[in-house]
Structure formats: structure tokens, C-alpha cells
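In the numbering used here, the protein residues as written are 2 to 106.
We put the beta carbon where it would ideally sit given N, CA and C, even for glycine.
Accompanying notes for the structure given below.
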Amino acid sequence: MFSKPNVAKLFEPYIVVQLYTDTVPKEFYAPEVQAGFTKDLSRLAADAKQVNVTFQRKVFGTEELPLYVVLEPELDGTIRTLGAFQGRIFDEQKFIDFLRNPQGN
């Protein structure tokens with residue numbers, strides 16, 4: 002659905018990021034940390050769970066996946082949550098409405 006032109010256009014005003022909560026991809030670690038990885042890649046899953054899932058639970062009050070959130074940085078250095086869309090997207094129009102007006106959902 003994200004590749005549909007009418008939906009893709011709605012992402013233009015946003016900077017899209019992804020929070021990995023199952024396994025952090027190895028390439029997202031600094032080169033010196035990557036060099037320390039051998040056959041044991043358990044840190045990739047541990048970091049995702051211990052850091053990212055904890056962050057998601059604390060900030061958004063849920064571990065539900067997928068979770069789509071629109072955030073807005075404030076001048077004082079804080080970040081405000083404008084809106085969230087939880088769970089799989091079964092209703093395309095509801096998701097479109099969320100992207101157009103995240104505070105209205």
C-alpha cells in the first residue's frame with residue numbers, strides 16, 4: 002500500500018524512520034562494534050528488546066506491531082506525539098486519514 006502514488010505522496014512531509022524491535026540490523030552498528038561481532042549475533046536481538054522495545058513501551062504505552070507514530074520535535078528539545086496508528090492496516094482510508102491528520106485519530 003505504501004507504494005501506491007496516493008499514499009506515497011502523503012509521506013512527503015515526513016521523515017520516515019523505523020524502530021527495530023526484533024533484531025537490530027548489523028549494518029546499523031558503528032564499524033568498530035561490527036568488527037566485534039563473530040558468529041554470536043545475540044546482541045542484535047538483545048539490543049532490540051532491551052533498548053527499543055523498552056523505549057516503545059515507555060513512550061507509546063504499547064508493544065503492538067506494527068505501530069505508526071507521527072512525532073514533532075519541539076524547540077525546547079522535547080518530542081511531542083501527534084498521533085499513532087496501531088496494528089495492521091486493514092482500512093486504507095483510515096490510514097490515509099491518519100497521515101493527513103494524525104492529531105484527529
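Report task. Only counting runs of 4 or more residues, tell me where the alpha helix (DSSP H) segments fall wholly within the region 29-68, in order along the chain. Result -> 32-37, 43-48, 55-61
Query raised in the report: Under 8 Å, do Thr-24 and Ala-46 count as touching if we go by C-beta distance?
Result: Cβ atoms of Thr-24 and Ala-46: closer than 8 Å.
Query raised in the report: Just checking, does the region 40-56 make contact with the region 90-101 on the three C-beta pairs under 8 Å criterion?
Result: no
Query raised in the report: Okay, do the region 20-39 and the region 5-12 touch, 3+ Cβ pairs below 8 Å being the bar?
Result: no
Query raised in the report: By Cβ distance below 8 Å, which residues in the same chain neighbour Glu-28 in space, the five residues on each side in sequence not counted?
Result: Gln-35
Query raised in the report: If Val-70 and Thr-22 are in contact, beta carbons under 8 Å, what's the gap, nearest whole angstrom?
Result: So it is not a contact: roughly 13 Å between Cβ atoms.
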